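Colleague: Handing you this structure, nothing more for now.
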Amino acid sequence: MALTEKSDFIREIVTEDLAANKYQGRVHTRFPPEPNGYLHIGHAKSICLNHGIARDFKGKFNLRFDDTNPAKEEQEYVDSIIEDVKWLGGNFEDRLFYASDYFEKMYEHAVLLIKKGKAYVCDLNADEMRQTRGTLTESGKESPYRNRSAEENFDLFERMRKGEFPNGAKTLRAKINMASPNINLRDPVMYRIVHEDHHRQGNKWCVYPTYDWAHGIEDSLEMITHSICTLEFENHRPLYDWYLEELGVYHPKQIEFARLNLTYTVLSKRKLLKLVAEKHVSGWDDPRMPTIAGYRRRGYTSDSIINFCDTIGVAKRDSTIDVAQLEFSIREDLNKHARRTMAVLNPLKIVLTNYPDGQTEECEAVNNPEDETAGKRMIPFCKELFIDQDDFREVPPPKYFRLSPGTEVRLKYGYIIKCEKVVKDGDGKIIEVHCSYDPDTKSGMAGANRKVKSTIHWVSARHAGNVEVRLYDRLFVKENPDDAEEGKDFLSNLNPNSLQILKQCKVEPVLANAKAGERFQFERTGYFCVDSIESKEGAPVFNRIVTLRDAWAKIEQKH
RNA sequence: UGUCGUGUCGUCCAAUGGCAGGACAGCGCCCUUUGGAGGCGUUAAUCUAGGUUCGAAUCCUGGCACGACAGCCA
47 MALTEKSDFI REIVTEDLAA NKYQGRVHTR FPPEPNGYLH IGHAKSICLN HGIARDFKGK
107 FNLRFDDTNP AKEEQEYVDS IIEDVKWLGG NFEDRLFYAS DYFEKMYEHA VLLIKKGKAY
167 VCDLNADEMR QTRGTLTESG KESPYRNRSA EENFDLFERM RKGEFPNGAK TLRAKINMAS
227 PNINLRDPVM YRIVHEDHHR QGNKWCVYPT YDWAHGIEDS LEMITHSICT LEFENHRPLY
287 DWYLEELGVY HPKQIEFARL NLTYTVLSKR KLLKLVAEKH VSGWDDPRMP TIAGYRRRGY
347 TSDSIINFCD TIGVAKRDST IDVAQLEFSI REDLNKHARR TMAVLNPLKI VLTNYPDGQT
407 EECEAVNNPE DETAGKRMIP FCKELFIDQD DFREVPPPKY FRLSPGTEVR LKYGYIIKCE
467 KVVKDGDGKI IEVHCSYDPD TKSGMAGANR KVKSTIHWVS ARHAGNVEVR LYDRLFVKEN
527 PDDAEEGKDF LSNLNPNSLQ ILKQCKVEPV LANAKAGERF QFERTGYFCV DSIESKEGAP
587 VFNRIVTLRD AWAKIEQKH
């Protein structure tokens with residue numbers, strides 16, 4: 047029945063339901079974010095799951111804002127969420143909905159439960175309600191207002207809506223069972239009084255439905271077949287079912303799966319909001335943030351994130367994915383699609399002593415060895431060059447293959463050079479390195495076949511552009527950022543070196559004119575993306591998306 | 001000491017009573033004008049004690065561990 051081979055326990059349920067003709071052959075899912083923050087990679091998992099199931103089973107997918115709490119929700123979040131869902135391929139067509147558009151219908155349903163004697167207005171305040179709810183092991187006490195007549199409840203509820211009572215003075219509660227072992231069933235609150243403007247409804251309402259009451263109705267009205275949510279709602283499913291059962295309306299099936307956790311990453315809106323509010327990062331779209339906006343700005347492709355979500359699977363057990371898995375996804379994508387370029391991040395000047403002073407020549411370079419159609423380009427070469435400081439060692443450690451006094455390396459696409467002399471200033475600091483070049487060894491020449499131990503990247507000093515490069519590292523130093531010392535929180539595990547700004551990096555001409563959003567591989571270094579906010583015309587700022595795998599770093603680490 | 005849920009390589013996911021497999025990570029080798037691309041190989045797991053069965057990761061019983069729940073948040 048499904049269009050793909052992909053399978054998980056939810057797709058199995060959908061397949062079974064289809065076989066049993068449970069929903070007249072329909073499959074209809076939804077992604078129901080609350081607009082109280084930016085979407086993060088965990089939401090991407092949910093979007094890919096819900097949208098993917100609709101796509102694979104030829105069903106429909108809705109985007110619905112669960113905007114039932116005006117105190118926390120904002121239009122800015124609505125806008126960003128719409129953009130992010132679209133970017134991830136979540137195709138909701140014209141089905142963009144808001145729970146707040148259903149408030150009138152929800153109110154009518156509530157009146158119905160009041161008339162059935164299944165809901166009552168309660169005057170207990172929040173404290174009193176907590177005290178009478180009981181504990182995990184003891185049942186609660188019934189509210190003294192539990193047995194008001196239907197007429198009185200109806201009257202009171204209408205007056206709640208009209209605004210006759212202050213915040214918190216009264217609630218509407220479902221009359222279920224104060225002795226239930228499931229605390230969610232101990233007469234849960236359906237409506238609370240909140241005198242606050244709603245981002246879409248303005249001051250039209252001062253009673254707002256709670257999640258449990260609202261969510262099933264939203265799903266039911268939209269004729270959702272499979273209401274997929276995360277594990278923490280498992281204990282709420284009996285309530286979800288109770289409401290829809292009592293209402294006698296169309297009843298979708300709630301299915302729970304384990305939310306995504308990532309190593310070295312926090313994925314709770316509360317914590318992400320804190321990072322933003324306390325300015326530990328530049329904003330929700332800071333390239334170090336695990337938000338969709340952050341990854342996008344960093345340079346992650348939507349394909350890589352979608353692919354990541356496909357590979358991590360869907361199950362019910364709590365799990366933490368190694369962030370290396372995400373990095374693998376973006377490397378895999380960019381390896382196939384990113385143009386190769388040469389950029390020198392920490393420049394060291396090389397002078398080719400036997401190269402003619404005024405001469406310039408061009409070297410032919412391959413744009414992408416993984417993709418012939420990417421073509422070739424010419425890069426300039428002359429007597430003075432820059433190489434990376436990492437590619438020269440005055441005293442080479444064991445197994446070091448690159449440039450050091452007396453050794454040879456190949457300049458990629460250029461000549462083989464030999465280090466002849468190290469030039470230092472008065473303080474003993476190396477200012478430049480003098481080399482000779484072998485004129486018979488340019489790429490493409492017969493003499494170029496000579497083996498040397500290493501090939502390094504370089505940029506012509508005379509033609510180099512100067513750009514800013516931002517090296518990002520993980521935001522937290524601990525695999526589990528919440529693993530903090532006694533009395534401290536996740537902020538104590540922030541990585542002080544998560545952002546390193548390099549000015550005056552030397553790049554080949556094509557990079558100096560790169561446009562916002564363009565992605566490149568800097569050969570032997572990593573993948574980079576032109577920042578869409580910090581870059582200026584002719585002055586690109588490059589974000590490091592991810593490093594290349596680095597075998598040398600491991601060898602070096604062992605010593 | 002309640003209810004619900006979950007226990008499989010280091011990590012994540014499969015195996016639906018019949019040879020425990022894949023991906024990432026790790027390790028090793030090969031190749032390389034990216035030490036970083038690519039290729040090959042390899043290490044490594046069924047929480048536990050019983051039971052049912054010719055046969056159990058899978059079914060049953062008990063234990064143990066972990067997670068969620070006592071917001072008028074979602």
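Heads up, the first sequence is in the numbering used here, so the first residue is 47 and it goes up one at a time. By construction, the Cβ of each residue, glycine as well, lies at the ideal position given by its N, Cα and C atoms. Quantities reported herein were computed from a predicted structural model and do not represent experimental measurements.
Look at the Cβ atom of Leu369, then the Cβ atom of Tyr289, and state whether they are nearer than 8 Å.
Modeller: Here residue 369 refers to the residue found at position 323 when the first sequence is read from its first residue. Here residue 289 refers to the residue found at position 243 when the first sequence is read from its first residue. First, the amino acid is wrong: residue 369 is Val here, not Leu. No, they are not a contact pair.
Colleague: List the endpoints of the continuous beta strand (DSSP E) containing Arg72.
Modeller: Counting from one through the first sequence, the residue named residue 72 turns up at place 26. Here Arg72 belongs to no beta strand (DSSP E), and DSSP marks it neither H nor E.
Colleague: To which residues of the same chain is Ala48 closer than 7 Å at the C-beta, ignoring the five residues directly before and after it?
Modeller: For the purposes of this step, residue 48 is taken as residue 2 along the first sequence, with counting starting at 1. Because the pLDDT of Ala48 is 46, which lies under 50, any placement of that residue in the model is unreliable, and the question is left without a value.
Colleague: Go through its chain and collect everything with a Cβ distance to Arg246's Cβ below 7 Å, but skip five positions before and after it.
Modeller: Residue numbering aside, residue 246 sits at position 200 when the first sequence is read from its first letter. Result list for Arg246: Asp113, Tyr144, Ser146, in chain order.
Colleague: Which whole runs of the alpha helix (DSSP H) in the stretch 351-387 are 4 residues long or more, in chain order?
Modeller: Fully enclosed alpha helix (DSSP H) runs of 4 or longer: 369-383.
Colleague: Which residues does DSSP pair with Ile425 in a beta bridge?
Modeller: One-based indexing of the first sequence puts residue 425 at position 379. Paired residue(s): Cys409.
Colleague: In terms of DSSP beta bridges, what is Cys94 paired with?
Modeller: Position 48 of the first sequence, counted from the start, is the residue given in the question as residue 94. Paired residues: none, contrary to the question.
Colleague: From Asp436, Thr406, Arg385, pick the residue whose C-alpha is nearest to that of Ala420; which is it?
Modeller: Walking along the first sequence from the start, residue 420 turns up at place 374. Residue Arg385 is the option with its Cα nearest to Ala420.
Colleague: Tyr483 and Ile502 - do their beta-carbons sit closer together than 8 Å?
Modeller: Looking up residue 502 in the first sequence gives position 456. Looking up residue 483 in the first sequence gives position 437. No, these two residues do not count as a Cβ contact at 8 Å.
Colleague: CB His261 to CB Cys252, shorter than 8 Å?
Modeller: Start at 1 with the first residue of the first sequence, and residue 261 comes out as number 215. Start at 1 with the first residue of the first sequence, and residue 252 comes out as number 206. No, these two residues do not count as a Cβ contact at 8 Å.
Colleague: Beta strand (DSSP E) containing Met236: first to last residue?
Modeller: For the purposes of this step, residue 236 is taken as residue 190 along the first sequence, with counting starting at 1. Here the beta strand (DSSP E) through Met236 covers 235-239.
Colleague: How would you call Gln550, buried or exposed, if buried means at least 16 neighbouring beta carbons within 10 angstroms?
Modeller: Along the first sequence, read from residue 1 onward, the residue named residue 550 stands at position 504. Exposed.
Colleague: Need the endpoints of the beta strand (DSSP E) that Glu430 sits in, please.
Modeller: Indexing the first sequence from 1 puts residue 430 at position 384. First-last of the beta strand (DSSP E) with Glu430: 430-434.
Colleague: Looking only at C-alpha atoms, which of Lys68, Ala304, Cys275, Thr347 sits nearest to Arg565?
Modeller: For the purposes of this step, residue 565 is identified with residue 519 of the first sequence, where counting begins at 1. For Arg565, the nearest C-alpha among the options comes from Thr347.
Colleague: How would you call Val469, buried or exposed, if buried means at least 16 neighbouring beta carbons within 10 angstroms?
Modeller: Position 423 of the first sequence, counted from the first residue, corresponds to residue 469. Label assigned to Val469: exposed.
Colleague: Using a 10 Å radius around the Cβ and a threshold of 16 neighbouring Cβ atoms, would you call Asn115 buried or exposed?
Modeller: Taking the first residue of the first sequence as 1, we reach residue 115 at position 69. It is buried - the Cβ of Asn115 has at least 16 other Cβ atoms within 10 Å.
Colleague: When burial is assigned at 16 or more other CB atoms within 10 Å of the CB, is Phe55 buried or exposed?
Modeller: Looking up residue 55 in the first sequence gives position 9. Exposed, because fewer than 16 other Cβ atoms sit within 10 Å of the Cβ of Phe55.
Colleague: Could you spell out the range, first to last residue, of the alpha helix (DSSP H) harbouring Ile127?
Modeller: Stepping through the first sequence from its first residue, residue 127 is reached at position 81. Note, Ile127: alpha helix (DSSP H), 121-133.
Colleague: Are there 16 or more other CB atoms within 10 angstroms of the CB of Glu554, so buried, or fewer, so exposed?
Modeller: Position 508 of the first sequence holds residue 554. Buried is the call here.
Colleague: Could you pull out every residue in the same chain whose Cβ sits closer than 6 Å to the Cβ of Lys552, ignoring the five residues on either side in sequence?
Modeller: Taking the first sequence and counting its residues from 1, the one referred to as residue 552 is at position 506. Closer than 6 Å at Cβ, skipping near neighbours: Val390, Pro393, Phe432, Val505, Ala510.
Colleague: Return the chain-ordered list of same chain residues with a C-beta closer than 7 Å to the C-beta of Thr214, the five sequence neighbours on each side being excluded.
Modeller: What you label residue 214 is simply residue 168 of the first sequence in a count that begins at 1. For the record, residue 214 in the displayed sequence is Gly; it is not Thr. So the qualifying residues of the chain are Asn171, Ala172, Ile239.
Colleague: What residue from Lys106, Leu594, Val515, Phe588 has the CA that sits closest to Ser273's CA?
Modeller: Reading the first sequence from its first residue, position 227 is the one you call residue 273. Of Lys106, Leu594, Val515, Phe588, the residue nearest in Cα terms is Lys106.
Colleague: Let's test the definition: count the other Cβ atoms within 10 Å of the Cβ of Ile87 and tell me whether it reaches 16, buried, or not, exposed.
Modeller: By one-based count along the first sequence, residue 87 stands at place 41. By the neighbour-count rule (16 or more Cβ atoms within 10 Å), Ile87 is buried.
Colleague: Can you look up Ser266 in the DSSP assignment and give me helix, strand or coil?
Modeller: Counting from 1 along the first sequence, the entry for residue 266 is found at position 220. Note: Ser266 maps to helix in three-state DSSP.
Colleague: Is the beta carbon of His74 less than 8 Å from the beta carbon of Met335?
Modeller: For this step, residue 74 is matched to residue 28 along the first sequence. For this step, residue 335 is matched to residue 289 along the first sequence. Not closer than 8 Å, so no.
Colleague: Among the candidates Tyr461, Glu418, Lys534, whose CA atom is the shortest distance from the CA of Gly493?
Modeller: What you label residue 493 is simply residue 447 of the first sequence in a count that begins at 1. Closest option to Gly493, Cα to Cα, is Tyr461.
Colleague: Bridge partners of Lys26, per DSSP?
Modeller: Absent from the structure is residue 26, since the part of the chain shown begins at 47 and ends at 605.
Colleague: Hey, Lys221 and Ala196 are a contact pair by Cβ (cut 8 Å); roughly how many whole angstroms apart?
Modeller: Start at 1 with the first residue of the first sequence, and residue 221 comes out as number 175. Start at 1 with the first residue of the first sequence, and residue 196 comes out as number 150. The Cβ separation is near 11 Å, so there is no contact.
Colleague: Exposed or buried, what is Asn589 when buried is set at 16 or more other beta-carbons lying within 10 Å of its beta-carbon?
Modeller: Counting from 1 along the first sequence, the entry for residue 589 is found at position 543. That one is buried.
Colleague: Can you look up Val295 in the DSSP assignment and give me helix, strand or coil?
Modeller: Along the first sequence, one-based indexing puts residue 295 at 249. Reduced to three states, the DSSP call for Val295 is coil.
Colleague: Smallest Cα separation from Leu218: which of Pro227, Glu184, Ser185, Met175?
Modeller: Within the first sequence, numbered from 1, the residue matching residue 218 stands at position 172. Among Pro227, Glu184, Ser185, Met175, the Cα nearest to that of Leu218 is on Met175.
Colleague: One question on the structure: do Asp356 and Ala304 come within less than 8 Å of each other, judged by their Cβ atoms?
Modeller: Walking along the first sequence from the start, residue 356 turns up at place 310. Walking along the first sequence from the start, residue 304 turns up at place 258. Not closer than 8 Å, so no.
Colleague: Which one of Ile396, Gln70, Arg232, Glu129 has the shortest CA to CA distance from Tyr84?
Modeller: Taking the first residue of the first sequence as 1, we reach residue 84 at position 38. The shortest Cα separation from Tyr84 among Ile396, Gln70, Arg232, Glu129 belongs to Glu129.
Colleague: Please classify Glu532 as buried or exposed, where buried requires at least 16 neighbouring CB atoms within 10 angstroms.
Modeller: Translated into the one-based positions of the first sequence, residue 532 becomes position 486. So Glu532 counts as exposed.
Colleague: With a CB to CB cut of under 6 Å and the five nearest residues on each side skipped, what residues in its chain are close to Ala562?
Modeller: Within the first sequence, the letter at position 516 stands for residue 562. Excluding sequence neighbours, Ala562 sits near Val576, Ser578, Ser581.
Colleague: What's the gap between the Cα of Val587 and the Cα of Leu557?
Modeller: One-based indexing of the first sequence puts residue 587 at position 541. One-based indexing of the first sequence puts residue 557 at position 511. Looking at the two C-alpha atoms, the distance is approximately 10 Å.
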